[in-house]
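Numbering (numbering that gives the first Met the number 0), first residue to last: 0 to 359. This report concerns only the one structure given below.
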Amino acid sequence: MDQIKAIEPWNIGLLAHVDAGKTTLTEQMLYISGSIKKIGRVDEGNAHTDFMEIEKRRGISVRAASAYLLWKGQPVNIIDTPGHSDFSSEVQRSIRAMDAAAIVVSAVEGVQPQTEVLWEALRSSGVPVMFFINKRDREGSDVRSVIKEIGDSFGAVLIPSFTKEKESITEVLCGVNDDLLEKYVEQGPGSISEEELLESYESSFSQRKVFPFVAGAALIGEGVEEFLDLIEFLAHKKKIVDRGSSLSAVIFKMKHDPQMGRVAYARLFSGSIKNRDLIYNASNHSYDKAVQIKKVTGAKEIDTGEASAGEIAAIYGLSNSRNGDVLGSYSNVRDEINIACPSMRVRVIPRSEKDYPALI
């Protein structure tokens, strides 16, 4: 196979109950990694992933948005999802594009109703999960209590990030890894090498046996660098992009461009696409030509003309495709789950094509 020596991006979703500080965390991650020069604020309407007018006006995320950063050589796509339950369909579709997810929980309010909904959706999809316990600087915060609440509510085994004290990490990993426990008991804690711990930590996370956490305060940047280190650590194998394999991608967002028409936002799991490629839609067994392909980062789209495994691309020209459709092959694409159950269905069609952007 023809391999290009590029590191495949790791796609991590940020999910939370509304007002837990998820978008603020995204801003800090982008700033600390050097992806943006100035931190945006939700309350000032200039957050980089809240670029719709209604998001700026209301101070909440309405649509899922992606942003790109590079941390210690590892490319990362952040998928910032809405926290309000009214926009659960955005979360539902975005989960299929994720390699892992981080649930942001307030150290003041703790586990909230939407936190439980998100946990169940991620559990059903088999997505590995980590936690960022936010707002530890706020009056009334209690990180220890929230850690216990998460464990009790979800039956989750929480584990500190790998940069923390190794002794407590070893004990947690021995509780979920029989081979490690046997070696610990028979030969003592000093017999377990850091390499063995690292391998057990990563595999236990991938298998949803343990759930790493970092506590901090996103508004002032506390704990954010540690959180980025955790993400880089969990993606440390740095998978090399393989452009030679067959295409497998899922559309998790659609929008209307005034000049170009329908735009499909897709996560590629394998293979690659280029401008003018004829793309097979496995969901409706049709073909569409990709007129233009752009790389997505927040409100900005960079015209690259191609996209490959791990990347999130804005694909123009897919007139027969819709949200949730699979492009190429179903291999590697997660099954769709349903957390957004509408009480009724209504179809609205604008009188004029020029009114379409305002409608959505």
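We put the beta carbon where it would ideally sit given N, CA and C, even for glycine.
Assumed close pair residue i, residue j - CB separation to whole angstroms, cut-off 8 Å
i: residue 210; j: residue 155; result: 5 Å
i: residue 261; j: residue 318; result: 6 Å
i: residue 289; j: residue 272; result: 6 Å
i: residue 134; j: residue 106; result: 5 Å
i: residue 34; j: residue 68; result: 4 Å
i: residue 25; j: residue 66; result: 6 Å
i: residue 233; j: residue 201; result: 6 Å
i: residue 175; j: residue 208; result: 4 Å
i: residue 231; j: residue 27; result: Not really, about 16 Å apart at Cβ, beyond 8 Å.
Beta-carbon proximity list for residue i, same chain, < 7 Å, skipping 5 on both sides
i: residue 266; result: 10, 96, 248, 249, 251, 311
i: residue 245; result: 269, 270, 327, 328
i: residue 140; result: 106, 107, 134
i: residue 19; result: 82, 103, 104, 105, 133
i: residue 224; result: 31
Where residue i sits in the DSSP three-state scheme
i: residue 11; result: strand
i: residue 129; result: strand
i: residue 202; result: helix
i: residue 289; result: coil
i: residue 193; result: helix
i: residue 95; result: helix
i: residue 180; result: helix
i: residue 273; result: strand
i: residue 257; result: coil
i: residue 18; result: coil
i: residue 349; result: coil
i: residue 265; result: strand
i: residue 357; result: helix
i: residue 328; result: coil
i: residue 90; result: helix
i: residue 171; result: helix
i: residue 31; result: helix
i: residue 294; result: strand
i: residue 134; result: coil
i: residue 252; result: strand
Terminal residues of the alpha helix (DSSP H) in which residue i lies
i: residue 224; result: 223 to 233
i: residue 320; result: Looking at the DSSP string, residue 320 is not in any alpha helix (DSSP H), and its letter there is neither H nor E.
i: residue 214; result: Segment 210 to 214 is the beta strand (DSSP E) holding residue 214; no alpha helix (DSSP H) there.
i: residue 149; result: 142 to 153
i: residue 120; result: 112 to 124
Cutoff 6 Å; reference residue i; Cβ partners in own chain excluding five residues on either side
i: residue 374; result: The first residue shown for the chain is 0 and the last is 359, placing residue 374 beyond what the model contains.
i: residue 99; result: 11, 127
For residue i, the first and last residue of its enclosing beta strand (DSSP E)
i: residue 301; result: 299 to 302
i: residue 69; result: 64 to 70
i: residue 156; result: Element bounds for residue 156: n/a, residue is neither H nor E.
i: residue 307; result: 305 to 307
i: residue 219; result: Looking at the DSSP string, residue 219 is not in any beta strand (DSSP E), and its letter there is neither H nor E.
i: residue 283; result: Segment: none, residue 283 is in no beta strand (DSSP E) and carries neither H nor E.
i: residue 77; result: 73 to 79
Close beta carbons around residue i, own chain, < 8 Å, minus the five adjacent residues each side
i: residue 255; result: 261, 262, 355, 356, 359
i: residue 93; result: 12, 63, 78, 80, 251, 252
Could you tell me whether the segment 192 to 208 touches the segment 157 to 169, where touching means 3 or more Cβ pairs closer than 8 Å? Cβ pair count under 8 Å is three or more, so yes.
Cβ contact (3+ pairs, closer than 8 Å) linking the segment 213 to 224 and the segment 130 to 137: Yes, the segment 213 to 224 is in contact with the segment 130 to 137.
Decide if the segment 323 to 338 is in contact with the segment 278 to 295; the criterion is three or more beta carbon pairs, one per stretch, under 8 Å apart. Judged by Cβ distances under 8 Å, the segment 323 to 338 makes contact with the segment 278 to 295, as three or more pairs qualify.
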